[in-house]
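In what follows, a single structure is set out as structure tokens and then discussed.
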Amino acid sequence: MKRSIIATTARHFLLEEAGAPGVVRCLSQAVTLGDGVTQSWITLTRTGQFWDPRYGDFEITSTMLSQMVGNFDKGVYGQMVQIDVAHKHADGSAAKILKLAVEGPKLRALVEWTPFGIDAVKQRGFIYLSAEFHEQWVDNEHKAAHGCVLLGAGLTIRPVIKGLDPVQLSVDDQAGAVRTFYSRSLLKELTEFSMNKYLKLLSAALVAIGFTDATGKPFADLLTMQLASLGEDDAKCLAAVDALKATAEAAMVQIKAAGGDGKHVTIQLATPTVDVAGAVRLALDARDAATLADRTGMATKLKLLSDTIADGDKTLTPEGVKKFADDYAPMVSSATTDDQVKHLAALAIKQAQSMSAAVKLATLGYNPVNGTVQISVDSSNGIKALQETVDKRLGFAEGKKADRRFDRTGGVLLAQNKDFADKCLAQFDALNGQQLSDEHKALAAGAGSISDVAVPKIAERTVVRESLYNLMSLGLVDVGTIPFSNVLSINYSYRDQTAAVASGLRRYERQAIRNAGVIQTSEETRPIPQKLAMQVSNEMKLLMAAANIDFDPIADNVLNMARIVGEDVELLNLNEIAGSADEWGAYAVSTETLTANVNGTKRIFPLANFPVVKPRAMYDLKGVQQGTTLNPITVTLGGAAKTEYLVPADGSTLAAGQYWVMDYNMGELQFLTETGAAYTPPNTTALTVAYSTTTNVKKFDTDQGAVATDVFYDTLLFAIGGRKSVIEDTRYYNANMILMSGNVNNALSQAKTFGANSARTATGLVADGSVGLVKDMPVFRPRAPGSLFGDTRIVVGQRFNTRFRMAKPWSMTPLEQARNSAGAFIDAMEGFGTQWVGSHTPSQLKGAATSIILYSTNGRIARAV
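Per the working numbering, the very first residue in the sequence shown carries number 4; after that it's consecutive.
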């Protein structure tokens, strides 16, 4: 059974042979230093299960290592993390820790050694390290729990954890190189890993031949014995795999000849008494001979290709012959017959002659079209005219004012929205240029409505454009297009805060120059589907066509689709900005018991910590979750685990039972039945919750009390300024956005700062009386149904860190006759459209935003409603 380190009271362990309880100090490695070295990478601790007579069983997990790194990067401890000697802080620092990183099961640290530390290692025999950390550290300023925090480390000669192979480290500062000597156990692991690679190759081959894991085991056992004598020579090991594969193929021929198969047979292989290395050497010699023969044959084929081209077209220069031979060479292999090579040469000659004829025609004034004809969006091919025709029918060209069309972006078309929409439209036109051209011809010939076109691509194009034109969030995120695939790769860069800073630029003659620390990397995310259907009855089409007003039911559906798709994109981006900010400071809360609040009347149960970090999961194109859920929530009611209330995507009914819903900002839990009706747990029903909360927030109590309204809201302005300072002064981002709902904005406009005689520089209202600028940060209004904002969250941060990518722009299926559930026609047309996008914030950039949670102390209590 797995042993857990989580206890009712957080412990501070000391894993040296003497010391105070509560601190973990565990052996990591022996340390050696090269001459003149002051910096080196060391291993502080590793994952594993351990025992000490003072504490009993305890465990160091990979999650704890990750928390140590995250809290170190955020400066949670509030001071430089030092290494001392024998855990005697008063004697001075042996080294300071510059950077932490997790490498596999190890916590690694880059340290700067002091003369005191170097002397302790070299002269006094303190050659072991033990890390000191607290499993649930609570700061003394905000009383907030931060999870596992590294407090320091000590050089020691008497570690509790024994029996670890030492790792010798030496750094050559002049060359900038690091030499690592692996321990015997690690070399054994590497060897076993390599052997496993060759065994997997053989196993896959055996399955392909027809053997099972059981019947093919004798071959695998023999390979294991052979690999042990071959060392790490990759060529020899692969040759051994090939030899056994050939033996297995020959055996299968005999088995099938006898009427058997590879699933019901017993294989006995005699242990070879011959020299394995010699046999492998013969196999390698045979392989090399075959390779040489293949190369010789390939060279002969390529010469035949070149000679045939030269003989077939005497007008070609040697350079021309080489060009055409090189173009067709990838189609030739050693197995290609001479006739096939000559056929390829004939194609090359024909292409050369066509090009020669085109050149001659051009000199006579004829310019035939070469290459592939592409339809672009301009007035010459009619697509622009088609768009203008549809815009007129939709009311965009006349009768629909800009302040209504672009109501979410201040009544104007924002430049960044238009630029991104143009990129997506170019992507769309490249796929659908011919259909758009055909539709233009059909409508120009007198077609009465958009629905008269068999495949209304222009309707899809309009959805793409309008859904992007009116998005406020496009001004907050980094936008772009990306090829559609199972996994989207998001490239980004960030600054390594432990690398050179301003003072680190002073380097004189022959001194090592520090790295700027700009790191380019990428992360993967999954494409998110957006699918929407429409249906229009044929009666409606006929009635609208005969009406006095110019109304097109297809066009009306286009407008609704554009609005709904746009709202969903807005929701994705806004929730990504807020959710990723919470993830940056997230830490797990062990199981919290709420049973005392369950009395048979209460329905809403506040958690001790808030906000609650919204769980994140990624799904493949089939909707199957990939990887584990980040920041999961476990709700147990009456001893049974409950799931979140989510309506199935296929519209089916949930199974009978109770489901939970969470107000993530307030950290308030309640329950619903499968029909969505409120559920009240019976009195004394056991209720426990495990979840994650975040430190990347400021909580603002909205209980005003006796404070004057204008003064009260001045304190909220002060809190927003405090968040700006966090972003700019401690994380080195440029805070240039504030997100808040219209209701919060309206309430904040009452602040005394906005009074006629109290206005402050870079803080003020806009023409309609809304808050437009706070501390020189523009205010934006997030409007998307179901977002994490509501009226209880304000986000402050830097724009353009979240990445929004268009992987496949909106496209619809052809309209077809609709049927009812019984399969009968219903005299209506229907179709659906799909779009795939990605919205992702790189891990290193999540700290570019922070939140303020607005809550009421008096209102946030266990209650009935």
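Every residue, glycine too, gets a C-beta built ideally from N, C-alpha and C.
Note that the structure is predicted; figures quoted are calculated from it, not measured.
- In this structure, the beta-carbon distance from V592 to A693 falls below 8 Å.
- In the three-state reduction of the DSSP assignment, R726 falls in the helix class, which pools H, G and I.
- DSSP places W44 in the strand class (E or B) of the three-state scheme.
- Short of 7 Å from the beta carbon of Q70, and not among the five residues preceding or following it, lie these beta carbons of its own chain, in chain order: G150, C151 and Y590.
- Per the coordinates, the alpha-carbon of I829 lies some 16 Å from the alpha-carbon of A536.
- Under the three-state reduction of DSSP output, K605 falls in the coil class, being neither helix nor strand.
- In this structure, T66 keeps its C-beta atom at 8 Å or more from the C-beta atom of R111.
- When the beta-carbon positions are compared, E573 and R796 stay at least 8 Å from each other.
- Your pair S842 and I567 does not check out as a contact, with CB atoms roughly 17 Å apart and the cut at 8 Å.
- Here the C-alpha atom of D60 lies approximately 7 Å from the C-alpha atom of Q52.
- Taking a contact to require three or more Cβ pairs closer than 8 Å, the stretch 735 to 746 and the stretch 808 to 817 do not qualify as touching.
- When DSSP states are grouped into helix, strand and coil, H267 belongs to the coil group.
- Nearest Cα to N686 within the set H145, A867 and T698: A867.
- A direct Cα-to-Cα measurement between V490 and Y511 gives close to 47 Å.
- A418 sits away from R468, with the two beta carbons spaced by 8 Å or more.
- Take T311, set aside five residues on each side of it, and the residues of its chain with a beta-carbon closer than 6 Å to its own are K345 and A348, in chain order.
- Within the stretch 570 to 643, the complete beta strand (DSSP E) runs of at least 3 residues fall at 589 to 596, 619 to 622, 628 to 633 and 637 to 640.
- Taking a C-beta distance under 8 Å as the contact criterion, V615 and T705 do not qualify as a contact pair.
- Per the coordinates, the alpha-carbon of R529 lies some 54 Å from the alpha-carbon of T318.
- Close CB contacts of T683 within its chain, under the 6 Å cut and outside five residues either way in sequence, are with R606 (chain order).
- A residue is called buried when at least 16 other Cβ atoms come within 10 angstroms of its Cβ; F835 does not meet this threshold and is exposed.
- Between A738 and V799, the beta carbon gap of about 6 Å places them in contact (Cβ cut-off 8 Å).
- Here P845 is buried. Its C-beta has 16 or more other C-beta atoms within 10 Å.
- If you compare the alpha carbons of T656, A643 and K220 with that of T691, the shortest gap goes to A643.
- Around the Cβ of P333, a 10 Å sphere holds fewer than 16 other Cβ atoms; the residue is exposed.
- Here A223 carries a helix assignment [DSSP, helix/strand/coil].
- Under DSSP, S525 forms a beta bridge with N494.
- Here H267 is exposed. Its C-beta has fewer than 16 other C-beta atoms within 10 Å.
- When C-alpha distances from G660 are compared across E677, D87, L68 and T484, the shortest belongs to E677.
- Bounds of the beta strand (DSSP E) holding I86 are Q85 to V88.
- With fewer than 16 other Cβ atoms inside 10 Å of its own Cβ, H92 counts as exposed.
- Out of G775, W587, S773 and Q838, the CA that lies nearest to the CA of V72 is found in W587.
- The beta carbons of Q820 and A851 sit about 51 Å from each other, so the pair does not count as a contact at 8 Å.
- In the DSSP assignment, V799 falls within the beta strand (DSSP E) that extends over R796 to G800.
- In chain order, I312, G315 and D316 place their CB closer than 7 Å to the CB of I352, counting only its own chain and leaving out the 5 sequence neighbours on each side.
- Residue burial is scored here from C-beta neighbours: N634 has at least 16 other C-beta atoms within 10 angstroms and is therefore classed as buried.
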